[in-house]
Structure formats: structure tokens, C-alpha cells
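J.:
In the working numbering, the protein residues as written are 1 to 105.
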């Protein structure tokens, strides 16, 4: 009985969180894979940065850093990802047009 109650509370809080997220001013339609991965670390050795990049980091920012630097890095990475998505969309549209043209022949 307690598990059912916990599940109900969890579902309600998840729904409320989703609703708040969708109605928020800063809503960005990103999946977790699209969120930039930036390492913020006190380790500044080249070998540490290389290991971070090999782990999948998009950027590496050693401490101490200024918040403006992090914001600028995030903006840059997000703009780059948006351009890549736009390019992917254009390539898909071009491919679809070619398929439609070949089917009409």
C-alpha cells in the first residue's frame, strides 16, 4: 500500500515538474545527449585535458575560472550544436526531395 502511495506521489511530482519545465521562460528543447559536457576541474595538466576529451567532454575549463567564461563557452557550444542540427535537417530535406524526384520518374 505504501509503495502505491509513493508511486502516486512520484508520478504527480514528475508531472508537475514537467509542466513547470515546459512553461518556464528558459525552456530549451534539448535532450541529455545534446547538453554540452564541460569539465570544470582543478586539474590543468595537458594529460588530464586529453583524458577528459577522450571521455567525451566538449570543453575543458580549469579552475579558477570566471562565470562569464563558462557562460560564453556554453553559448558557443549551444550555437554550434544548433547549426549542426539545422545542417542535419537541411540534408534530410534534400535527401527526401531526391527520393521524391526519383520516385516520380
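A virtual CB, placed ideally from N, CA and C, is assigned to each residue, including glycine.
1. In terms of residue numbering, what span does the beta strand (DSSP E) encompassing residue 105 cover?
2. Can you name, in chain order, every residue of its own chain whose Cβ lies under 7 Å from the Cβ of residue 81, other than the five neighbours on each side?
3. Among residues of its own chain, excluding the 5 on either side of residue 78, which ones have a beta-carbon nearer than 7 Å to its beta-carbon?
4. Give the DSSP-derived three-state secondary structure of residue 59 in the structure shown.
5. Tell me, please, whether the stretch 44-52 touches the stretch 65-76 by the rule of three or more beta-carbon pairs shorter than 8 Å.
6. Less than 9 Å between the beta carbons of residue 89 and residue 61, yes or no?
7. Would residue 93 be called buried (16 or more neighbouring beta carbons within 10 Å of its own) or exposed?
T.: Let me spell this out:
1. Premise fails: residue 105 is in no beta strand (DSSP E) and is neither H nor E.
2. Short of 7 Å from the beta carbon of residue 81, and not among the five residues preceding or following it, lie these beta carbons of its own chain, in chain order: 34.
3. Once the five neighbours on either side are set aside, the close Cβ partners of residue 78 are 36.
4. Here residue 59 sits in strand by DSSP.
5. Contact fails between the stretch 44-52 and the stretch 65-76, because fewer than three Cβ pairs, one in each stretch, are under 8 Å apart.
6. Cβ atoms of residue 89 and residue 61: not closer than 9 Å.
7. When all chains shown are included, residue 93 counts as exposed.
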